[in-house]
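What follows is one structure encoded as structure tokens, with my remarks underneath.
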């Protein structure tokens, strides 16, 4: 009964033109230096195919025709075919594009399928956003720093939110501005800031909506009555500074968090007292001065890094939201070609308001010549929300590096990966992965020069060795650059990925000497 239903469904799809029938042949050539090794490899291939419920047969007495059928001359000498529909045939080819090389753009890596260069300009797509998913140590930060460095050469401004101070060395090397955002640092951002240039549109209403989201992260969930009280308090706080919904008043000096605190204390509602008490730790407590100072940050440098490494985990979502809102306010009113790199984006996806803000950035970034890069290793936290999935949908470039077995099912579901692609991501080496751009994707090996590698590596062994070499060079008056290249670059080489087996009838061609045709 089930088979009959499948047949009728296929018939209906064929009639509608959704599916087509193809003659399909699938051959595999197994090569080895000795007969013993050849037999062992053949057994392993047959076992692998058998574990996937695939029937394989050796091309006994027809090895020469089998070999000629698998070399790249597009001749099928065996003529062992079966009928397959479009969907089934598609599953046998692991990569939908054999090349991903544009006329302009930056080099991302090497196409592992055919050795071609992966050169792409993300700003040439319908949006310039990208998402990167990888397990820890797979090379995601390495790739992002490499992209940032190469984009900088083409005049693209780079802004980074850096949770682990991984971008400090690169920032210093290119003359960027490195801002340490912590409890004791001098870097301050006022969450009440408005654009400094006069606008024809009301910016105050948008800012108040953003502040509501910020305070839900800072103070916890708010009841409807607390939200109403907070809304009135925010309007009164801005009015104290002469700022109203009239755009011409919105260039006045904005209030501070302490001003809102005082307004809440002066109000009669019990909700205002509760809000003031919850806000007090940011005004008078251990966090006084962290979020309650005038902004002293600008985005004039072509490479700006906001480091939040020295903030407690509980404060990171607050700081990341404030920094993102500050950046977004600047970006909207100063149109330039920019990349915004949001590392460990899963931190923000845990909170509905910050997740909604990241989604809003991804959706609107193109209008302001901005490319948003979201980077995460916690796939579950990022993709288990509608906002996280929407960010992926609104990103024209998606990069998947080595994945953890616990995450591969979710990744496969979101990106419609074949079994071969799943296996590739599970077995991928450092810097190997899948590069999706628009409707095309290829297997990629990240490539960096020795000079680039010295600037962007985060391998502790290499960093320690480099520091020793630099200390030694100071003593011996040698060029420190000589020592930065002394460590091997794991991204400079890489083995090709293995073959990919999918459903169908398969003929095995044994060739004990790959340099000679079998007799």
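Residue numbers (full-length UniProt numbering): 1 to 519. Think of the CB as a built atom: it goes at the ideal place given N, C-alpha and C, for glycine as much as any other residue.
Asked                                                                                                            : Found
Alpha-carbon to alpha-carbon, residue 122 and residue 234                                                        : 39 Å
Simplified DSSP state of residue 17, which is helix, strand or coil                                              : coil
Among 283, 335 and 143, nearest to residue 432 - alpha-carbon criterion                                          : 143
Range of the contiguous beta strand (DSSP E) that encloses residue 372                                           : 370-376
Contact check, residue 458 vs residue 166, beta carbons under 7 Å                                                : yes
Opening and closing residue of the alpha helix (DSSP H) in which residue 442 lies                                : No alpha helix (DSSP H) holds residue 442; the beta strand (DSSP E) holding it covers 440-446.
Under 7 Å between C-beta atoms of residue 395 and residue 129                                                    : yes
Residue 96, buried or exposed, once every other Cβ within 10 Å from all chains shown has been counted against 16 : Since pLDDT at residue 96 reaches only 49, below the 50 mark, its modelled position is unreliable, and the value read off the structure follows with that caveat. By the neighbour-count rule (16 or more Cβ atoms within 10 Å), residue 96 is not buried but exposed.
Identity of the residues DSSP links to residue 180 by a beta bridge                                              : 307
Proximity below 7 Å, CB of residue 368 to CB of residue 332                                                      : yes
Simplified DSSP assignment, three categories, for residue 398                                                    : strand
Where residue 30 sits in the DSSP three-state scheme                                                             : strand
Own chain residues within Cβ distance below 8 Å of residue 78, not counting five before or after                 : 25, 27, 59, 62, 65, 66, 69 and 507
Three or more C-beta pairs below 8 Å linking the stretch 262-273 and the stretch 222-238                         : yes
Endpoints, alpha helix (DSSP H) assigned at residue 120                                                          : Where residue 120 is concerned, there is no enclosing alpha helix (DSSP H), although the beta strand (DSSP E) it sits in stretches over 117-120.
Inside the stretch 55-90 only - alpha helix (DSSP H) runs reaching at least 4 residues                           : 63-70 and 86-90
Uninterrupted alpha helix (DSSP H) stretches inside the stretch 145-226 (no shorter than 4 residues)             : 168-173 and 204-219
CA-to-CA distance, residue 267 to residue 134, given in whole angstroms                                          : 49 Å
Residues near residue 294 in its chain [Cβ-Cβ closer than 8 Å; skip 5 each side]                                 : 188, 190 and 256
Cutoff 7 Å: residue 217 Cβ touching any chain C Cβ                                                               : Looking for chain C here will not work: only one protein chain is present.
Residue closest to residue 314, alpha-carbon to alpha-carbon, out of 351, 422, 391 and 417                       : 351
Check whether residue 125 and residue 438 have beta carbons under 7 Å apart                                      : yes
The stretch 337-345 contacting the stretch 208-225, beta-carbon criterion three pairs below 8 Å                  : no
Span of the beta strand (DSSP E), counted from its first residue to its last, around residue 432                 : 432-437
Contact set for residue 6: own chain, Cβ-Cβ below 6 Å, skip 5 residues either direction                          : none
Among 237, 212, 236 and 239, the one whose alpha carbon lies nearest that of residue 226                         : 212
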